[in-house]
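2 protein chains.
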Amino acid sequence: MIIGQRNRLQYIILGLLNQRPQTGYDLAKAFENEIGEFWQAQHSQIYPMLKRMETSGDITHEDTVTGEKLAKKQYSLTPAGHAKLVAWVSEPSPELSATKDEFILKLYFIKTAADPRLQPMLQEQAVLHRAQLAHLKQRRETVFPNQTAIDQAYGHYLILDHAIGREQYYVDWLEKFLR
Amino acid sequence: MIIGQRNRLQYIILGLLNQRPQTGYDLAKAFENEIGEFWQAQHSQIYPMLKRMETSGDITHEDTVTGEKLAKKQYSLTPAGHAKLVAWVSEPSPELSATKDEFILKLYFIKTAADPRLQPMLQEQAVLHRAQLAHLKQRRETVFPNQTAIDQAYGHYLILDHAIGREQYYVDWLEKFLR
DNA sequence: TAAAAACATGTAATTAATTACATGTTTTTC
DNA sequence: GAAAAACATGTAATTAATTACATGTTTTTA
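Top to bottom, those sequences are chains A and B.
The opening residue of the first sequence carries number 1 in this note's numbering; numbering runs sequentially from there.
The opening residue of the second sequence carries number 1001 in this note's numbering; numbering runs sequentially from there.
Given below as structure tokens:
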């Protein structure tokens, strides 16, 4: 039997559907927003995966209609899917995170601090990451205005906090080398 | 004409070969070590890419033999390849880095601070990231023992510094939530 | 000196992921 | 009321990446 790649996407979808039944479109939004800092998936990857997961018996869907005829599929977990999710969360995560950062790699190929390309490159990234940091902070303010909100979605708070700290570090690091 | 995916791997290989002629094996090591924090590629991806790049005229190779018969291919840049590298480094990098972190995603699905799984999960990751941090610091000590070493491979120093700071943040963040 | 680890190069099979193609509805904004 | 944006779902084509298969040499270690 072939084990194949880990198919982590399915687990993430299980986790998202466990929070509440959702459409593929909703899931795609989640990958752009709250979890996009830590995992990415397009709708073209999500819709086929949903079909596959329904075939496996981990999720089911209910057809609904918005307005006159806009068809939606509201997916939710089966008990089997829920069990799979619980097992995944509980098992160890021995792999360090994988980051792909094209900018940092370009820096690697800059040989001296005097290279005229260096400062503009750092400047460009600073603009980008400051904007991202501001955006994440803004989101924390709106999503978690008080302790009650934090307590009700603690995991979400944790990862947003992590993402903000990470961006803050990135900006600080860039500024350390900016003149 | 189809534009296709960005094929960043080729540029990274160009950059590595620009430092010094290397074999595919050497390149695979680089992806495990100095740049592995920011890009990953296995030898099974590297060898075919080298052939492709040689066909495109960006690199060439020289056959050498170690010992009695161990054949090696020492790849190096052609002028065309060098030009391609320079163009890549100079062009903007408007995309934020992409991170895939399975552990953080698991946290997202933890609903309350009282969940009994939370502390062991944080603990496990702390062990992992402390080890990684120690490893990176150790490498900085050996690779960059003095200012001269830094000046001679500034880009390398920059990205190692970035990776250390990032790991330090990760550990600090984990410890913030550990009791 | 035998075994293990590291060096060295490839291909095959499979899965993951992106980009493009394709279509239609509902809501919001000007 | 028209246009734009957002909602909604899919497939096709292609590229990227991983895992497994496959083989052999050289160096280091016990």
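For every residue, glycine included, the Cβ atom is placed at its ideal position computed from N, Cα and C.
For residue 1091(B), the three-state secondary structure derived from DSSP is coil.
Annotated three-state conformation of residue 1029(B) is helix, per DSSP.
Below 8 Å, too few C-beta pairs join the region 1155-1171 of chain B and the region 145-159 of chain A to call them touching: fewer than three. Residue 1044(B) counts as exposed, since fewer than 16 other beta carbons sit within 10 angstroms of its beta carbon.
Annotation: the region 1024-1080 of chain B contains the following complete segments of the beta strand (DSSP E) (minimum length 3 residues), in chain order: 1059-1066 and 1070-1077. Against residue 15(A), the close residues of chain B are 1105, 1106, 1108 and 1109, in the order they occur along the chain (beta-carbon pairs closer than 9 Å). According to the DSSP assignment, residue 1113(B) belongs to no beta strand (DSSP E), since it is labelled neither H nor E.
A Cβ of chain B is located within less than 8 Å of the beta carbon of residue 100(A). For residue 98(A), the uninterrupted beta strand (DSSP E) segment begins and ends at 98-100. Residue environment analysis places residue 1127(B) among the exposed positions, since fewer than 16 neighbouring C-beta atoms fall within 10 angstroms of its C-beta. The Cβ of residue 1117(B) sits closer than 8 Å to at least one Cβ of chain A. For residue 1120(B), the uninterrupted alpha helix (DSSP H) segment begins and ends at 1118-1143.
For residue 1165(B), at least one C-beta of chain A is nearer than 8 Å to its own C-beta. Looking at the DSSP output, residue 1022(B) sits in a beta bridge with 1075(B). Between the alpha carbons of residue 1177(B) and residue 1122(B) lies a gap of roughly 8 Å.
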